[in-house]
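S.K.: FYI, the numbering for the sequence shown is -27 to -1, 1 to 608, going by mature numbering (1 follows the signal peptide of the UniProt record, and there is no 0). All residues carry an ideal CB built from backbone N, CA and C; glycine is no exception. Sharing a structure, written as structure tokens. Questions coming.
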Amino acid sequence: MGRFRLVRLLLTAVCVSLLGFSLPATGATLDPRLQSLINAPAPDGEIPVIVTFRGGVEPMSLRDEAGKRQPRLASLLKERAASSQKAARDFLRSRNIRDIKNLNIINGLAFTAGVDTLRELSARADVVVMSYDEVIYPPEIVPALTAGPAESNISLIKAPELWSLGYAGQGIVVATMDTGVDATHPDLGSRWRGGNNSWFDPNEEHPTPIDTDEQGHGTSVMGVILGGNADGAYIGVAPEARWIAVKIFNDAGEAPTSSILDGFNWLLDPDGDPATDDAPHVVNNSWGFEEAPNICDESVTFLRQSVAMLKTAGIAVLFPAGNLESDSLSEEAPFYSSIAPASYPESFAVGSVWTITSPTIISNFSLRGPSACDGTIYPEMVAPGEAIKTTGLTAAAPYQYVTGTSIAVPHAAGAMALLLSAFPDTRIDELEAALKSSATDLGPVGADNSYGYGLLNVRSAYDLLNVNTPPPAPQPLFPADGADGVVLPVTLSWDILPDADGDAVTSEVRISTYADFRDSTPITVAFSGMPASGMLFAGAGGIFIPLFFAARRRNSRRWLGAALLAFALLLLLSCGGGGGGGGSAPAPAPAPPETERSLSLSGLTPQTTYYWQVTAVDERGERTEGPVRSFTTAP
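Set out below in structure tokens:
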């Protein structure tokens, strides 16, 4: 990440937590810098501010749905902001304040106003916090002193092992909040999602993707996440993922806090249409407040609320652990100094390990914990962060070797993309827990404040998430075990219980005159509609089952076609014969969740004892057999 300079006055700001604060019924809380400007003996000029209002949506109020995809959350935030800010907006219009930025994600507004207006605003009962709109500066890339093999970092975290399983980030969108992205780069251009919902410049300087940082910081970060192989080897962790980006740093190299908040706000709903789910799955932020170590929240508290809201919406948010800088850290805390926003409980912090000669040794610049926010392990984990080959600015140096925790964190962002392509319904907290639980332990045994939970190991995380719970054993319902005089045709029924992993479950039914089912071929029942229509089945004289399994054994379309034709004819006959009345049936109502299934059998022999068994089979092939039952048919 290199140097990341924050205005020195941040160090004197007062901590105001927006996730659980208590304020008086009237009047706003002002951060120290804004308070000093307003109280100046002869204030002049206009002041850029961020203001939050009462009545917003608290992330904790959505905790039951937190971590799931919530494309309509942005709409809820917009509606709440409109209702709670109406009076304040009227007031601002009456004071000729026109250039107002909507920050629905924190129920706030950003604008520039004179001291008199701000004094009046601070006394309003609907205002919660007023803060000076601090400016931060872009990170600097640290060139690597030694060049490593192009894929050494990618192989170290086991990403190619997921590629071989068919998971390379397909269907996943990763966003960066950075200096921009060079979309002309051959390893990145084709991976841009494109459209008017894939690039946002809150500073309104560039309508299309560009990286104006002379070192190409944002471009280098994106290369590690999903860069291609135009130079011969893949340089990105998830090369089949797609990217979108927010250019938070303007052409002067500054990022007002309001622009960062505006970027987070945009990421919740990039196209502004809550009916479409176009938000990214993962957001990489390769920046942090290195000049404010061991401080959880200051006047930039709004950022924590934004991170919490993104995570609530099912979007993973990552930050670098930070780099040691001799002019910013005291002798008492040279390494063990967490920085915000990485130290927020809602963030996922990543430190750096050396990559070439000692791939499991912590980088000497990587900051360590515990977290200044809640005292927990910091960082969450480590990833390669030294001598990493990645993309540079196409016109200057298409490839470069760089170092820093800001180049380590995109490895974890890419890993999340890989895992989400394999398990798209995974909640963010489950994803983070899998990454931490599966990390390769380094340093002292167990989690520690240097390596966190260990070195990123995406294959182990995949194996952990891929653990499957067998489906519940089906229990026969009818006929009762040992029943005698069962009238033909007979309808077998059994219960169907939900799968613990959410997999669809099919049922395999065996029926035979032998208790060991030596002459039986299983009948697959995948839905509840089969029992009502029935199915002709005449023991060894059946037609459909032999043809179907012959088709499976021979992998023959001709045999499969014959089997399906036989099934159609049998189904028609079992429905009562004939082709129906020629009219269209009304559309059926949505079926309730299944609780039982059944299968109607014709052609069984009278006065004969039959044995039957149902086996549940989930989507991953896990099988659970039910008990064997018997019945005897009527004469």
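Alpha carbon to alpha carbon, how far is G502 from I361?
M.R.: The residue given as residue 502 occupies position 529 in the sequence shown. The residue given as residue 361 occupies position 388 in the sequence shown. Note on G502: pLDDT 40, under 50, position unreliable in the model; no value is reported.
S.K.: Identify, in the order they occur along the chain, each residue of the same chain with its Cβ nearer than 6 Å to the Cβ of D155, setting aside the five sequence neighbours on each side.
M.R.: Working through the sequence shown from its first residue, we reach residue 155 at position 182. Within the same chain, D155 has close Cβ partners D184, T192, L366, T367.
S.K.: Ends of the beta strand (DSSP E) at T363?
M.R.: On the sequence shown, position 390 is the one that residue 363 refers to. Element bounds for T363: 361 to 364.
S.K.: Using a Cβ-Cβ cutoff of less than 6 Å, which residues in the same chain neighbour P229 once the five nearest sequence positions on both sides are dropped?
M.R.: In the sequence shown, the residue the question calls residue 229 occupies position 256. Correct list, in chain order: D106, V108.
S.K.: Looking only at its chain, what residues have a beta carbon closer than 6 Å to the beta carbon of T605, apart from the 5 residues adjacent to it on each side?
M.R.: The sequence position of residue 605 within the sequence shown is 632, counting from 1. Once the five neighbours on either side are set aside, the close Cβ partners of T605 are D457, T582.
S.K.: Excluding the 5 residues preceding and the 5 following A499 in the sequence, name in chain order all residues of the same chain whose CB lies nearer than 7 Å to its CB.
M.R.: As a first step, residue 499 is located in the sequence shown; it is residue number 526 there, counting from the start. Cβ neighbours of A499 beyond the five flanking positions: T479.
S.K.: For the 8 Å Cβ check, are there 3 or more pairs between the segment 344 to 360 and the segment 374 to 387?
M.R.: Yes: at least three Cβ pairs fall under 8 Å.
S.K.: Would you mind working out which of P566, Q580, S573, T497 sits nearest D591, comparing C-alpha positions?
M.R.: To locate residue 591, count along the sequence shown from 1; it is residue 618. It is T497 whose Cα lies nearest to the Cα of D591.
S.K.: On a CA-only basis, which of F262, V146, V22 is nearest A86? Give me that one, please.
M.R.: As a working mapping, residue 86 is identified with position 113 in the sequence shown. Cα-wise, what sits closest to A86 is V22.
S.K.: Is the number of C-beta pairs between the segment 202 to 217 and the segment 2 to 15 that are closer than 8 Å three or more?
M.R.: Output reads no: the segment 2 to 15 does not touch the segment 202 to 217.
S.K.: In whole angstroms, give me the CA-to-CA distance for T597 and V587.
M.R.: Mapped onto the sequence shown, residue 597 falls at position 624. Mapped onto the sequence shown, residue 587 falls at position 614. C-alpha separation (whole angstroms): 9 Å.
S.K.: On the DSSP bridge assignment, give the partners of residue 665 in chain order.
M.R.: It is not possible to answer for residue 665, since the shown part of the chain is limited to -27 through 608.
S.K.: Rounded C-beta distance between V256 and L283? I'm assuming under 8 Å.
M.R.: Counted from its first residue, the sequence shown places residue 256 at position 283. Counted from its first residue, the sequence shown places residue 283 at position 310. Right, the Cβ-Cβ distance comes to about 6 Å (below 8 Å), so this counts as a contact.
S.K.: If we ignore side chains and look at the alpha-carbon of each, how far apart do G81 and D250 end up?
M.R.: Translated into positions along the sequence shown, residue 81 becomes position 108. Translated into positions along the sequence shown, residue 250 becomes position 277. The alpha-carbon atoms of G81 and D250 are separated by roughly 24 Å.
S.K.: Near P16, what residues of its chain come up, given a Cβ to Cβ distance below 6 Å and the 5 sequence neighbours on each side ignored?
M.R.: If you number the sequence shown from 1, residue 16 lands on position 43. Closer than 6 Å at the Cβ level, and outside the excluded window around P16, lie V88.
S.K.: Rounded to whole angstroms, what's the CA-CA distance from S48 to F173? Just pull it up for me.
M.R.: Your numbering for residue 48 matches position 75 in the sequence shown. Your numbering for residue 173 matches position 200 in the sequence shown. So the alpha carbons of these two residues sit roughly 19 Å apart.
S.K.: Quick one: using the 10 Å Cβ neighbour count with 16 as the cut-off for buried, is S331 buried or exposed?
M.R.: The residue given as residue 331 occupies position 358 in the sequence shown. Its Cβ having fewer than 16 others within 10 Å, S331 is exposed.
S.K.: Which ranges would you report for the beta strand (DSSP E) in the segment 422 to 454 if only whole runs of at least 3 residues count?
M.R.: Those beta strand (DSSP E) runs which fall completely within the segment 422 to 454 and span 3+ residues are 449 to 451.
S.K.: Grab the span of the beta strand (DSSP E) containing P293 for me, first residue to last.
M.R.: Position 320 of the sequence shown, counted from the first residue, corresponds to residue 293. Looking at the DSSP string, the run of the beta strand (DSSP E) that includes P293 is 289 to 293.
S.K.: What are the partner residues of Q586, as DSSP defines its beta bridges?
M.R.: Residue mapping note: residue 586 aligns to position 613 of the sequence shown, counting from 1. Bridge partners of Q586: R483.
S.K.: Considering only residues of the same chain and omitting the five flanking positions on each side of L438, which have a CB-CB separation below 6 Å?
M.R.: Within the sequence shown, the letter at position 465 stands for residue 438. If we look at L438 and ignore the five residues flanking it on each side, its Cβ neighbours are F396, A407.
S.K.: Could you tell me whether the Cβ atoms of I78 and S311 are closer together than 8 Å?
M.R.: Position 105 of the sequence shown, counted from the start, is the residue given in the question as residue 78. Position 338 of the sequence shown, counted from the start, is the residue given in the question as residue 311. Not closer than 8 Å, so no.
S.K.: Apart from the five residues on each side of it in sequence, which residues of its chain come closer than 7 Å, Cβ to Cβ, to I334?
M.R.: Working through the sequence shown from its first residue, we reach residue 334 at position 361. Within the same chain, I334 has close Cβ partners V326, W327.
S.K.: Distance check for Y426 and V194, CA to CA, integer angstroms please.
M.R.: Along the sequence shown, one-based indexing puts residue 194 at 221. Along the sequence shown, one-based indexing puts residue 426 at 453. Using only the alpha carbons, I get a separation of about 23 Å.
S.K.: Going by DSSP in three states, R341 sits in which element: helix, strand or coil?
M.R.: Within the sequence shown, numbered from 1, the residue matching residue 341 stands at position 368. The answer is coil: DSSP assigns R341 none of H, G, I, E or B.
S.K.: Alpha carbon to alpha carbon, what distance is there between H190 and A370?
M.R.: As a position in the sequence shown, residue 370 is number 397, starting the count at 1. As a position in the sequence shown, residue 190 is number 217, starting the count at 1. C-alpha separation (whole angstroms): 12 Å.
S.K.: Can you grab the Cα-Cα spacing for the pair L65 / R71, in whole Å?
M.R.: Here residue 65 refers to the residue found at position 92 of the sequence shown. Here residue 71 refers to the residue found at position 98 of the sequence shown. Taking the straight line joining both Cα atoms gives about 8 Å.
S.K.: Quick one: what's got a C-beta closer than 6 Å to P495's C-beta in the same chain, skipping five residues either side?
M.R.: Position 522 of the sequence shown, counted from the first residue, corresponds to residue 495. Excluding positions up to five away in sequence, the list reads E481, R483.
S.K.: When the Cα of R45 is compared with those of A96, V463, A252, S95, which residue comes out closest?
M.R.: To locate residue 45, count along the sequence shown from 1; it is residue 72. The residue with the shortest Cα to Cα distance from R45 is A252.
S.K.: Just how far apart, CA to CA, sit N430 and M354?
M.R.: As a first step, residue 430 must be located in the sequence shown, where it is residue number 457. As a first step, residue 354 must be located in the sequence shown, where it is residue number 381. So the two alpha carbons sit approximately 10 Å from each other.
S.K.: What does a CB cutoff of less than 7 Å around A345 pick up in its chain, not counting 5 residues either side in sequence?
M.R.: Mapped onto the sequence shown, residue 345 falls at position 372. Answer for A345: N267, I268, C269, S311, S316, listed in chain order.
S.K.: Using a Cβ-Cβ cutoff of less than 6 Å, which residues in the same chain neighbour D472 once the five nearest sequence positions on both sides are dropped?
M.R.: Position 499 of the sequence shown, counting from 1, holds the residue named residue 472. Hits under 6 Å: P444, V478, D591.
S.K.: Ordered along the chain, which non-local residues of its own chain (more than five positions away) have a Cβ less than 6 Å from that of D492?
M.R.: The residue labelled residue 492 in the question sits at position 519 within the sequence shown. So the list reads S485, once near-sequence residues are dropped.
S.K.: So is A1 buried or exposed if we call it buried at 16+ other beta carbons inside 10 Å?
M.R.: Within the sequence shown, numbered from 1, the residue matching residue 1 stands at position 28. Buried.
S.K.: I'd like to know whether the C-beta atoms of P293 and A381 end up nearer to each other than 8 Å.
M.R.: The count along the sequence shown starts at 1 and reaches residue 293 at position 320. The count along the sequence shown starts at 1 and reaches residue 381 at position 408. Yes, Cβ-Cβ distance for P293 and A381 is below 8 Å.
S.K.: What is the rounded straight-line gap between the Cα of D414 and the Cα of Y424?
M.R.: Here residue 414 refers to the residue found at position 441 of the sequence shown. Here residue 424 refers to the residue found at position 451 of the sequence shown. If you take the alpha carbons of D414 and Y424, they lie about 8 Å apart.
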